[in-house]
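Here is the structure:
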């Protein structure tokens, strides 16, 4: 119940703090018989890892995952997959200045009030370092659901947006630039924007769009566990996320029914897809697409007023190695969480068929 | 796992179809010793019930709830509260025309593909009639967490928005008009808009804003069960919802960190509240506020092309009694789901204290 | 979490007190497309119901179940099945004498200490009346897993035991006598024993054996959710149960490995079956069999000392209509819980297959 | 759902195979602020570890636990506790002879049929080596519930039983002999018995009794999650367990109600305790006691017929390092599982109080 597990049948439990000995997790419920591509797993970790480009944090972590169980001769055995990523580049001294200080818009204050004790180094458990474990599990989930395509990309940084529908984008270009935006011209603007923001010691928000193709019809459980509710919760569980919309989203709230309805083709597909591939909480076989809003990183390398545990306001200067914008590194995390949701739904779907 | 339960410790399971004998539910985990105000429960149902005004569906249902267990001499006993609302005004004949037809942007197609059999009358399980059970449970949850204030209201209909921050609104006015908008001038415009749309046999979307006041610090469980992730899932589980944002939301994705950070006051409150009362997934004691997007109702009283189970496109004319806009009736549902989340979190919070 | 739900994928939640308006439940996760035999369901209820013979309680309840949802034109739809059994023969006056009194070896004291408030009439929620809801759900589970045979029977009453292995019994005879013992001579002795005990105003314990045939290989989840652990928990959740053993059980603890091991036949079956059809927590296709111990009913129609809520010892005289021995009515309950476990395991098993 | 987690609020998830790189687990929900005694944790592991005496397996494992998270400066932080025990003394060659062979009464056959792939070395996931992770978690649970006393001991080996009630035993003597029987004379006989059995290359079963003292009133959740049902499931999840009984147990099934009822004292305690400290599934404050049956270890160092994956019966000779009787090493495992159940129940109990 303490909230460190995700999924019902394909289930991930994570552990680990930013500056502890290691982070890691257990995947329980991964089906047996999947021949794993370990390079593909490491590749996903590399997409998330710090130090990969000029526009992300310069902390250096190899982020090498070690698997301890659940795999025999390269194949999943159906038993739980335990894995660990050792932390190697902790610079805990960087954090001594925040030992008794609550940084604004961080989790320092709330963790301290909730637990009465906290590992303050690098944000401890509240650090996005935890998401490396999600990426490992998501990479395995992707291999399980290999016929389904999941592509996330940066759709905006600050007020710079891609101005095309996703159908006009070439997802093969996502990895062609460090911001992970498949529209090259927009990507260049986004990167410049982040570089400028970084120079000011400031940070900036952005959005990520994710598209799921080749989804079978019938995923999602009414009533409370609608497919988009599961996706929404998954996205809202990622650090710094402030909003989620799917299909027509917030724009749909301005529309009329006659404009919004997706008329059918003979084969059950629809002419438009404002529904976003989900109707009544259940996938209808069309593309699922959604958008996730990320706030700007709270650590700015500027002087700011903070609160200490004695209730005094103190001036502090942001230090440490931080991302000026989380979005490029969050792209593989969005994909990982999406893969975890879909893998879980595939398992749920399997058991509800009428024959046995 | 089939998705008809909500909550971990304060747990609701619902059942029932739009045109079956009855809908209802079981609340398991409601603490013992709460003296229930049954009139308050019925009042919440009345806020949701059909036929309450000109701008909602004209189906007539008394929506009287009967409690079968878990209450003794007016007081909760800690055992499960079973309750039932009998359906009285089913006009199933209204639905014979859709027996073999999948209406556009409804759940007809996906339910049929998922289950292979469906109660097509009035949308069956996919009907928002199910939410009456949520309102019953939410009304009890509200009584359990009575020191916490939950107020939802209509913040937009189509392109008509309230143009004030919620702090400038008087929540006592929410019930003063049929659209449940506390800004009288805007409310009038919204109502006119819906009346015009209804005359055209069309429908329109809208948004609801919800504000939670007097929240204790420390609610919410990292990592996957962040407080806003739970609220988001709760909202996304409501029929017709397309998006959720809290605090700065999607606007926050355009901001810089130096503008977005909420600086502290001495007492741990913050000068601004772009965080929306939640930091690191845990409540910080400030107001929690969020916004929910509802699409336009899919049933329009116009001719539309639909698909039948033989794969033929057929012309159909929307019938039945439907809402031109779900938003006014969804206000108590948003509040109910919010109350269920907060009640659940209060129970989770209780058990994590260090003393026993 | 409050403990009124059973099962992971085929999930039952029950509600209701002995003398409330109704008892009932919700079955969530029952697959769609099962054509229900309602007579068979009622027949299971009749096997459990009071007043069915001279050796059980004389409370008269028709125990007629009403289904409110999840079934359309006689077929399950995959949506939750809500059902209710109205209580009709509550004689709450019978219980006024225990309003402030804790009866020995009942749940009166513990419920009062736990919840601080209780429905004392007929034991309230602690009454075995709740098990009628389990029988309804179990009867539906049986229809889902119709190729698997579940037979429970009375194997002892007091010190009268069947002295044959179950393989030598004809399960068709179980319903041929009121004690539900397939060995006619032993059945007669058991019935006489109970009649004698009843005359003394006393009660007596007994055991039930259950045999599951035609079980597929592969049910049960290591490590914590071993198949026999799930069966054991199911049985221990039935009122008055004090023990559970499967296969060789407590006798196995006296044996040597060379005597206890079940040697294989070529086809994977085993020559002996001390394992009880389960190895490593997973079914191996052999018969699963287990034995359940029931204590004597605590309500004796004799003078006994009880405790009142003021901490005084008071003399009380047992009243009401009670079973001199729970075992005959518990036979269908054991079968129902077994069916619920197996149905759940079948669903779990379905989703773990490697193909999709 | 795959069954590798235990507990609802104090939750353990384990991973690891007998001969993999490591075993370990994650404890989620352990309250913050517990100052851990690491020596006490290691001491529990030492009680379980192989090679500790002549009557257990001679595999040598230091069983040193490493904690990776959830602890800061020796104190629990409320975040998940990840831990690992590296396997050091795997002699996988010992198992090459069973690569394609299903040993009788092991889990080889069922795992293979269930998963289609298996780590055959040392039983893989089905090995009792997994229980080391339980002992780590149980040791932490014990420290959380430190005012509650949990003592397990060997109550029988084969047909050698302690012939005294537990009240006449001195639990301080449990660790005074290698069989962990607090009755010295009986202990000596048990040890001789095991030595004789071992000489024959055979194995023998036994029972463990566990007593919980100083239990608060009110633990346990009706209906399905009765306290003894949770304890029973916990015990039945331990390798080699065939039966569970609490209080009067199977003997209670032979008794009359007038003999079995536990009459009250003025203070709510009872004069006798055939109930075993639990009434209506809820603790009543008296000692909880139960007994667990363990079958003889299936690996005998004798020639036996086994089945290979080609469906041929083959003669095999047991090898490897095995326990002639699991009971002495299972004592700390029984205590660990008991501690996990009680810790979980304490957390559940906390949240149901009426005040907040």
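Protein chains in written order, with the UniProt record's numbering: chain A, 1 to 356; chain B, 1 to 356; chain C, 1 to 356; chain D, 1 to 356. For every residue, glycine included, the Cβ atom is placed at its ideal position computed from N, Cα and C.
Give me the subset of the region 278-302 of chain A whose CB atoms are less than 8 Å from a CB atom of chain E, sorted by chain position. Among the protein chains in the structure shown, which are A, B, C and D, there is no chain E.
Nearest-angstrom Cα distance between residue 290 of chain D and residue 247 of chain D? 6 Å
Where do the ends of the beta strand (DSSP E) carrying residue 317 of chain B lie? 313-317
Chain B contacts made by the region 111-142 of chain A, where a contact means CB separation under 7 Å: 111, 113, 114, 116, 125, 126 and 130
For chain D, is any of its Cβ atoms less than 8 Å away from the one on residue 356 of chain A? Only weak support exists for where residue 356 of chain A lies, its pLDDT of 42 falling under 50; the coordinates are left without a value.
Taking its Cβ as the centre, do 16 or more other Cβ atoms sit within 10 Å of residue 11 of chain D, making it buried, or is it exposed? buried
Proximal chain B residues relative to residue 347 of chain D, where beta-carbon distance stays under 7 Å: 351
Which runs of the beta strand (DSSP E) at least 3 residues long sit entirely within the region 168-238 of chain B? Give them in chain order. 206-213
Note down, in chain order, every chain B residue with its Cβ under 7 Å from the Cβ of residue 9 of chain D. 351
Take residue 4 of chain B and list the residues in its own chain whose beta-carbon comes closer than 8 Å to its own, dropping the five residues that flank it on each side. 13, 14 and 15
At 9 Å on the CB atoms, spell out the chain A contacts of residue 109 of chain D, in chain order. Residues of chain A passing the Cβ test: none, with the nearest at roughly 15 Å.
With a cut-off of 8 Å, does the C-beta of residue 250 of chain B fall near any C-beta of chain C? no
Looking only at C-alpha atoms, which of C:344, C:74 and C:77 sits nearest to residue 227 of chain C? C:344
Hey, is the region 19-27 of chain D in contact with the region 277-290 of chain D, meaning 3+ C-beta pairs nearer than 8 Å? no
Please report the distance separating the alpha-carbon of residue 253 of chain D from that of residue 194 of chain C. 13 Å
With DSSP collapsed to three states, give me the class of residue 117 of chain C. coil
With a CB to CB cut of under 7 Å and the five nearest residues on each side skipped, what residues in its chain are close to residue 183 of chain D? 162, 164 and 169
So, does the CB of residue 218 of chain C fall closer than 8 Å to a CB anywhere in chain A? no
Look at the alpha carbon of residue 79 of chain C and the alpha carbon of residue 40 of chain C, and state the distance between them as a whole number of angstroms. 21 Å
Hey, could you find the ends of the alpha helix (DSSP H) residue 260 of chain D is sitting in? 257-260
Any C-beta of chain B under 8 Å from that of residue 165 of chain D: no
Within 8 Å, strictly: CB atoms of residue 88 of chain A and residue 322 of chain A: no
At least three beta-carbon pairs within less than 8 Å, the region 325-335 of chain D to the region 255-274 of chain D: no
How would you call residue 172 of chain D, buried or exposed, if buried means at least 16 neighbouring beta carbons within 10 angstroms? exposed
Residues in the region 18-48 of chain B with C-beta within 9 Å of chain C's C-beta atoms, listed in sequence order? 20, 21, 22, 23, 24, 25, 26, 27, 28, 29, 30, 31, 32 and 33
In its own chain, which residues sit with a C-beta less than 6 Å from the C-beta of residue 239 of chain D, not counting the 5 before and 5 after it? 128
Just curious, the alpha helix (DSSP H) that residue 142 of chain D is in, first and last residue? 131-144
Can you tell me which of the three DSSP states residue 58 of chain C falls into? coil
In chain C, which residues lie less than 8 Å from residue 223 of chain D when you measure between Cβ atoms? 3, 4, 14, 125, 130 and 237
Please list the segments of the alpha helix (DSSP H) lying wholly inside the region 15-79 of chain B, counting only runs of 4 or more residues, in order along the chain. 38-48
The region 55-82 of chain D: which residues have C-beta closer than 8 Å to a C-beta of chain B, in chain order? 78 and 79
Below 8 Å between beta carbons: does that hold for residue 234 of chain C and residue 314 of chain C? no
Residue 192 of chain D versus residue 37 of chain D - alpha carbon distance: 36 Å
Beta-carbon neighbours of residue 335 of chain A, restricted to chain B and to distances below 8 Å: Within 8 Å Cβ-Cβ: nothing; residue 335 of chain A doesn't reach chain B, min ~17 Å.
Residue 166 of chain C to residue 220 of chain B, Cα distance in whole Å? 53 Å
Considering only their Cβ atoms, is the gap separating residue 237 of chain D from residue 65 of chain C smaller than 8 Å? no
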